[in-house]
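Reviewing the structure listed below.
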Ligand SMILES: Nc1ncnc2c1ncn2[C@@H]1O[C@H](COP(=O)(O)OP(=O)(O)OP(=O)(O)O)[C@@H](O)[C@H]1O
Ligand SMILES: Nc1ncnc2c1ncn2[C@@H]1O[C@H](COP(=O)(O)OP(=O)(O)OP(=O)(O)O)[C@@H](O)[C@H]1O
Ligand SMILES: [Mg+2]
Ligand SMILES: [Mg+2]
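What follows is the structure, given as structure tokens:
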């Protein structure tokens with residue numbers, strides 16, 4: 027089990043990580059989310075031993091790894107920019123970790139069959155037949171899958187993936203995501219997953235951590251974090267596009283679509299909706315004027331103006347800008363916070 | 027206007043592009059989709075003049091660019107792996123293209139437009155204040171935005187973006203996507219956009235091209251391609267997850283949810299559904315056993331087994347594996363093809 | 051941002067052994083001989099330096115030395131860079147052979163080359179000096195810069211072209227900055243060679259031209275005026291240190307974009323053939339013409355020299371074949387010493403981590419032997435290695451050690467720019483995958499500098515085969531090397547002596563070419579087979 | 017310690033210059049006769065070798081030094097690198113060679129530095145070969161002479177000494193005239209003889225007059241294959257400056273016995289006889305039989321130019337700098 031306590035990392039002036047606390051249990055998948063530059067990569071690098079924390083502790087099963095060099099930690103890290111070995115072919119890259127471990131076969135961990143394992147992980151990432159290819163002659167997605175295979179091959183005791191599927195297409199991504207999920211559960215491998223794809227994060231992760239400028243802004247079980255972002259920043263980050271400031275009376279927020287319990291004894295509350303929770307509907311309680319319409323394959327996304335301010339809603343069909351529509355809300359799904 | 031005719035590119039044994047035809051009009055955004063390794067990057071590189079086509083022609087406004095070297099084509103290409111200049115800082119990277127266009131500084135006002143333009147594009151990608159940073163000390167998303175800014179800065183006459191937003195978070199991505207859309211429309215810049223994000227593709231693009239193993243598998247207006255993928259490969263690529271082979275009689279496909287017009291005079295048809303078009307519903311016409319459930323933030327994704335085969339559907343709440351549910355289909359949305 | 055090297059003593063050892071070597075075999079003897087010049091009755095008297103600097107004639111000598119070295123360096127770069135460009139970018143038949151030919155001059159004794167140049171009418175002017183220096187040093191640029199150029203990541207160049215930079219501007223604004231460390235390394239070596247060049251100045255320039263090196267030789271070996279010699283040596287060292295400082299500034303900061311060298315990516319096509327030929331022509335003409343004229347004169351008298359390789363001339367210590375065998379043995383030992391120590395130092399210097407002053411100093415110190423007169427070092431050896439345990443004055447070992455000192459800078463300067471350019475993430479990835487520090491070195495660093503190391507080893511070998519100035523002072527009859535033998539043949543009148551000298555020169559040059567060819571070939575096949583088989 | 021004797025075998029170490037040579041059987045004869053093996057350390061040219069000996073006098077490189085000539089003799093004596101030693105045959109050596117009255121340096125051989133001429137060149141042009149130094153400034157010999165730089169070549173220095181001996185205070189005027197007459201200066205004997213002189217075998221040189229040795233003509237014959245009937249070159253008697261080479265026992269030598277034995281041997285007939293063809297010098301011992309090529313082709317001038325070692329030692333520096341000013345600048 028990995029435990030990170032009050033971890034800070036500084037690059038010159040930049041405080042890239044600011045007293046981060048984090049726990050990853052056996053077989054648990056923790057998704058690390060956060061805006062660009064919020065410190066996700068830095069967190070993984072620090073855990074791997076590639077950055078020197080200015081403060082804080084990293085322990086594995088209760089023992090500090092501060093004085094364990096990276097190659098003895100037994101952690102796997104898939105780099106965001108892959109960092110493939112340009113002088114080795116695909117197979118050379120994938121079997122690298124196995125060869126390094128294999129030098130010291132221990133009785134409890136006998137020298138694995140390197141080529142069989144290499145074949146297996148290459149099958150997994152659908153790159154069978156690419157063994158002899160030079161890595162700089164692969165497409166972006168192929169490179170990313172080699173990097174993933176290379177990280178998985180030695181079965182690390184902690185798996186850290188930095189945007190593992192950013193460059194692969196949707197079909198492959200779904201395949202790989204479910205395969206990863208299976209592997210992680212079977213091997214009970216604690217996993218830290220950095221991703222920008224909320225679907226991926228919330229599909230795979232047990233726990234979601236949201237970083238903001240180096241600090242942990244929110245941490246909790248995936249479903250809870252989704253429904254209770256806890257702060258406006260996190261709410262925005264998790265897709266809240268419509269923000270309303272609404273009056274509170276009797277500890278109740280009065281929304282156009284009905285009352286909601288207020289979070290605190292203030293006289294105003296912040297109420298946020300994700301686009302999917304606001305629908306264009308003839309019976310909608312709020313009248314809106316269409317400003318912009320975006321095609322979203324199975325629906326349309328509408329930016330509209332209302333008496334409560336701008337809203338972003340979904341609709342089943344397109345409307346011309348300037349048209350008047352009604353907006354209906356799924357009040358249950360609203361995120362309510364202190365204003 | 028860019029026209030590509032019968033373009034083929036070969037890497038040794040691999041035929042990376044196979045007689046590709048393509049047209050991009052003024053102000054038109056063409057999204058290039060395709061599985062990993064299907065030749066998207068190769069297509070952009072060939073148009074930019076960085077790969078020598080084995081056959082085919084590339085013309086701009088009717089004139090061949092075959093003998094125009096890359097630097098005279100005036101095309102902009104954002105590389106999938108960024109290819110930032112590691113010896114230059116952020117500003118040096120962004121203004122590189124402007125300097126190369128040879129705007130001479132005047133004595134009274136040295137390089138006015140270069141620094142103003144640099145500031146503008148850096149503002150656009152939200153990297154104001156990063157001018158002096160070394161590019162290898164940026165986070166992945168920051169690097170990607172520098173690459174985007176560098177490509178946009180000289181206002182190329184053709185814009186080619188290779189997965190421009192793969193490493194930026196959802197919020198930034200939506201911001202950048204709408205900014206890009208605005209810029210492209212205002213400058214009427216023909217654009218080729220490679221992306222793995224179907225949302226992005228279908229939101230931004232006028233025309234969608236789907237590549238498969240170097241060949242154009244489908245090409246057409248975005249909405250048409252979405253509703254009529256034209257082939258099973260493209261249908262799968264565009265999210266069809268449930269595939270049924272159903273009997274045809276009287277030129278009508280008999281689905282459990284009602285009849286559909288058959289595409290041809292065969293006795294069986296291929297019917298595909300996207301997960302969103304199959305819903306768990308008490309009144310569903312098909313009885314199914316739940317196999318797997320995935321949390322999808324505002325809904326659940328269910329893999330179920332039915333008498334017609336496995337299906338992937340969505341549901342409002344979670345079910346335990348083994349539970350029996352009904353499946354309802356939005357038959358209108360089905361993709362029907364020859365079996 | 052960097053992987054910690056947990057065993058600090060490992061690094062200390064990597065740094066310490068080469069530094070100890072340089073200290074014992076270079077700094078100590080040179081310091082001792084300078085001490086003889088400066089220490090007067092127990093006190094240090096530096097006034098000779100002032101005298102040298104105020105003496106108009108000597109000031110002229112200093113000025114001329116710097117000027118001719120700078121001019122020669124520029125000329126060498128001008129001739130060598132176009133050739134380097136096509137040799138490292140294009141793939142065509144005979145490439146490896148060309149590289150080998152360009153390397154040959156390196157081993158030729160100056161006396162021999164002078165004969166060839168004189169026959170071509172090139173002598174007795176500053177032009178002759180510059181041409182001869184270029185002839186000798188083209189290989190330095192072609193090989194050091196070439197090794198870096200081949201490993202250059204071409205993606206940034208693509209980016210520049212798409213952004214509107216033509217080939218020239220792409221070269222200036224993207225390629226050149228990336229090559230800068232290697233260029234600085236090569237240029238500083240060439241500069242030092244020309245700066246301390248001895249034979250070329252005397253033989254081809256003629257007696258009118260005096261440089262610091264010739265003055266130091268005269269003051270030390272002929273006049274035994276150690277005071278003046280020491281002062282001149284200090285001035286020489288000062289100039290060398292300044293030159294190295296300039297090179298250091300030129301080197302700039304690290305870049306992480308070196309990849310596995312992929313030799314000759316672009317097959318030379320019809321259109322580009324002419325360009326390839328044009329770029330190679332100056333270098334080939336300059337190098338091949340004197341070489342061919344040498345070969346021709348070695349064939350005089352029905353190839354007497356070749357048929358009498360095993361003949362010990364009357365009164366000589368051994369036959370040409372004996373000298374050749376000695377040279378090869380010494381060169382092998384010197385190469386092993388130089389490559390081993392050089393790689394250790396290069397590794398220590400480039401290991402990620404805080405760069406301290408010792409490390410930066412170490413890099414410069416190893417280059418100094420190139421910038422100090424052979425006679426100073428040779429005389430220094432005599433006065434310090436006169437007692438056990440380092441009673442080496444008359445030992446066989448002193449020769450390969452002296453050669454290794456001269457070759458060391460090639461190994462260090464040839465590999466450091468490439469080690470620096472290795473993306474640190476590659477090492478990090480290896481560490482994450484469980485590679486211990488030495489495994490990281492073996493699997494990443496060594497693989498990527500394979501070619502540069504082969505090149506450096508080739509240089510070390512060639513340097514040892516051709517070294518003359520220092521060898522002459524420490525050689526013994528039973529350790530007569532080929533260049534010394536050539537020199538001795540030529541210092542006796544008579545046709546058979548000249549014939550044997552010429553034949554031996556051509557054979558020496560042939561061996562160098564073959565060694566270079568093998569190195570080139572094996573580096574090529576290694577990277578090719580890596581690509582294929584891993 | 018420096019002679020590094022191995023397991024009982026007695027070894028005497030000889031420090032000398034590059035041009036030293038001796039044939040193997042001769043050396044073996046010495047070992048057989050005395051039990052001493054000889055180790056030879058060649059250490060650069062004559063000047064450099066002596067300077068190394070001087071530098072290392074606290075811990076001598078070897079036991080014997082051979083190759084100090086009369087131009088360097090005073091430096092060796094002033095630095096006191098030799099121990100005194102009277103060789104067995106010393107008395108038999110003609111007085112003219114015994115230049116060290118303190119009996120530390122023993123003369124072994126001598127040679128003459130003379131202007132050499134390419135006979136064929138002069139014959140082809142029907143031009144008389146010059147006879148004296150003075151004639152060399154004649155306009156018919158314009159651009160024909162090549163000499164060595166006295167700053168870097170001992171041959172060159174000997175020739176300068178020859179002009180001093182001949183012209184005394186007027187030597188610089190002579191050089192001015194030589195310069196005006198197109199004398200060419202190169203740095204070493206090798207370039208002068210092999211590179212510039214037209215008479216050397218296989219040379220591409222163009223100048224028919226060169227400062228070389230009286231023994232060069234026999235060497236041309238000896239090292240030709242096959243050997244010609246007549247020498248292609250000749251040395252000009254009246255231009256010769258005599259160089260005498262000395263040996264001495266090094267002060268502080270580890271094996272002074274061996275050293276003394278070796279010097280005695282150098283004056284023996286066996287060694288003296290070997291000298292002409294190994295080093296192309298003439299033995300100092302009278303009545304040593306000379307090899308046929310020497311008898312036939314070598315000149316031994318009866319009245320060569322000479323200067324005392326003291327004079328050379330005192331003025332050498334000034335000569336060189338004045339010469340450099342007049343001839344090179
Ligand atoms: N080597 C470095 N030197 C200085 N600053 C750095 C360095 N690496 C990263 N930073 C800065 O530290 C902050 C955190 O970077 P990090 O790479 O951890 O972000 P990230 O969350 O991974 O972002 P992204 O999603 O864009 O990859 C950023 O502001 C970045 O600019
Ligand atoms: N330099 C090269 N040498 C050989 N094969 C190459 C080279 N570059 C690409 N390929 C191959 O050509 C095919 C097309 O590559 P390309 O980079 O165009 O794919 P892509 O569609 O951009 O994929 P991705 O989405 O993964 O980036 C791939 O199979 C790839 O392996
Ligand atoms: Mg990151
Ligand atoms: Mg691609």
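Protein chains in written order, with my numbering: chain Z, 27 to 365; chain L, 27 to 365; chain B, 51 to 584; chain V, 17 to 345. A virtual CB, placed ideally from N, CA and C, is assigned to each residue, including glycine. What you are looking at is a predicted structure, and each value in this text was computed from that prediction instead of being measured.
State yes or no: is the beta carbon of residue 101 of chain Z nearer than 8 Å to at least one beta carbon in chain B? yes
Report all residues from its chain with a CB closer than 7 Å to the CB of residue 79 of chain B; omit the five preceding and five following residues, and keep chain order. Within the same chain, Cβ atoms closer than 7 Å to the Cβ of residue 79 of chain B are found at 427, 430, 431 and 434, the five residues on either side in sequence being excluded.
Delimiting residues of the alpha helix (DSSP H) encompassing residue 73 of chain Z: 66 to 74
Can residue 68 of chain L be considered in contact with ligand 5, in the sense that its beta carbon sits closer than 7 Å to one or more heavy atoms? Ligand 5 is not among the ligands present in this structure, which contains only ligand 1, ligand 2, ligand 3 and ligand 4.
Any C-beta of chain V under 8 Å from that of residue 429 of chain B: yes
Please report the distance separating the alpha-carbon of residue 156 of chain V from that of residue 138 of chain V. 11 Å
Flag residue 7 of chain L as yes if its beta-carbon sits less than 8 Å from any beta-carbon of chain Z, otherwise no. What the structure shows of chain L is the stretch from 27 to 365, and residue 7 of chain L is not part of that stretch, so it cannot be assessed.
Which of helix, strand or coil does DSSP assign to residue 136 of chain V? helix
Got a sec: is the Cβ-Cβ distance from residue 570 of chain B to anything in chain Z below 8 Å? Judged by the 8 Å Cβ criterion, residue 570 of chain B is not in contact with chain Z.
Examine ligand 4 and report whether any of its heavy atoms sits within less than 7 Å of the Cβ of residue 188 of chain L. yes
For residue 234 of chain Z, which beta-bridge partners are listed by DSSP? DSSP, once it has assigned bridges, lists Z:57 and Z:246 as partnering residue 234 of chain Z.
Which ranges does the alpha helix (DSSP H) cover as unbroken runs of at least 4 residues, wholly within the region 419 to 463 of chain B, from first to last along the chain? 424 to 434
For a test of the three-state rule: what should DSSP assign to residue 283 of chain Z, helix, strand or coil? In this structure, residue 283 of chain Z counts as coil in the three-state DSSP scheme.
Run through chain B and tell me which residues come within less than 8 Å of residue 107 of chain Z, C-beta to C-beta. 475
Residues of chain B with a CB under 9 Å from the CB of residue 79 of chain Z: which are they? Result: empty, since nearest Cβ-Cβ is about 12 Å, beyond 9 Å.
Rounded to the nearest angstrom, what separates residue 400 of chain B and residue 470 of chain B at their Cα positions? 6 Å
Which two residues bound the contiguous alpha helix (DSSP H) that contains residue 227 of chain B? 226 to 245
By DSSP, does residue 61 of chain B sit in helix, in strand, or in coil? helix
Regarding residue 80 of chain L and ligand 2, is the C-beta to nearest heavy atom distance less than 7 Å? Residue 80 of chain L: no, Cβ never under 7 Å from ligand 2.
For residue 130 of chain L and chain B, any beta-carbon pair shorter than 8 Å? The predicted model places residue 130 of chain L with a pLDDT of 49, which falls under 50 and marks its position as unreliable, so this point remains unresolved.
Alpha carbon to alpha carbon, how far is residue 498 of chain B from residue 269 of chain B? Give it in angstroms, no decimals. 46 Å
Is residue 166 of chain Z near ligand 4, judged by its Cβ being under 7 Å from some heavy atom? At least one heavy atom of ligand 4 lies closer than 7 Å to the C-beta of residue 166 of chain Z.
Local conformation of residue 118 of chain V per DSSP, three classes: coil
Is the beta carbon of residue 190 of chain L sitting closer than 8 Å to the one on residue 164 of chain L? no
Are the C-beta atoms of residue 486 of chain B and some chain Z residue less than 8 Å apart? yes
Report the rounded CA-to-CA distance for residue 269 of chain Z versus residue 337 of chain Z, giving the unit in angstroms. 7 Å
Regarding residue 163 of chain Z and ligand 4, is the C-beta to nearest heavy atom distance less than 7 Å? no
Return yes when the Cβ of residue 512 of chain B is within less than 8 Å of the Cβ of residue 156 of chain B, no when it is not. yes
Can you give me the C-alpha to C-alpha distance between residue 130 of chain Z and residue 120 of chain L, rounded to a whole angstrom? Unreliable placement is indicated for residue 130 of chain Z, whose pLDDT of 49 sits below 50; the coordinate value is still reported in the next sentence. Near 49 Å, if we compare the C-alpha coordinates of residue 120 of chain L and residue 130 of chain Z.
For residue 338 of chain V, collect the residues of the same chain with a Cβ closer than 7 Å to its Cβ; drop the 5 residues on either side in sequence, then sort them by chain order. Only 188 meet the Cβ criterion.
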